[in-house]
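The opening residue of the sequence shown carries number 607 in the working numbering; numbering runs sequentially from there.
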Amino acid sequence: MYYANSTNITSQQLIKVESIEQEVLLGDVNNTNVEMIIVVVKFSSNISWNEIFTNNSNYYKYDGYYIIYSETSFTYSKTIIVAYRDSTLIEITLNGYKASLSQMRELISKLAT
607 MYYANSTNIT SQQLIKVESI EQEVLLGDVN NTNVEMIIVV VKFSSNISWN
657 EIFTNNSNYY KYDGYYIIYS ETSFTYSKTI IVAYRDSTLI EITLNGYKAS
707 LSQMRELISK LAT
């Protein structure tokens, strides 16, 4: 593909999704209502997410997973973690709770078993 100015565009490789699982959990953590959304995507072949993780210097390696962790309490507490290993991509969002990286690692460990 080319733009009008003849700039070459490389298209992404075809990604085939094998399964998508989503679960929403509601609970109380220290008298705070918390919503946890877990999305697990499995691909039919190993997919490289290197372009996401190499351009972001705030990633961690844990138990074979590459993890991007973000938390804020600007308007309300929220924590997001995106992790991938082999052909599995996991996203966990906590609305209403600011979790530490070690707490999120524990969640990843429990999901992986």
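Glycine included, C-beta positions come from ideal geometry on N, C-alpha and C. It should be emphasised that the depicted structure is a prediction, and the values quoted were computed from it without experimental measurement.
Cβ-based neighbour list, residue i, same chain, cut-off 7 Å, excluding 5 preceding and 5 following
i: residue 713; result: 698
i: residue 623; result: 647 and 649
i: residue 702; result: 638, 639, 640, 641, 682 and 683
Assigned exposure category for residue i - 16 Cβ within 10 Å defines buried
i: residue 678; result: exposed
i: residue 711; result: buried
Residues near residue i by beta carbon distance below 6 Å, same chain, minus five either side
i: residue 632; result: 641
i: residue 670; result: 691
i: residue 694; result: 648
i: residue 666; result: 673
i: residue 628; result: 645
8 Å Cβ shell around residue i - same chain, five flanking residues per side excluded
i: residue 651; result: 622 and 693
Cβ pair residue i, residue j closer than 9 Å
i: residue 686; j: residue 696; result: no
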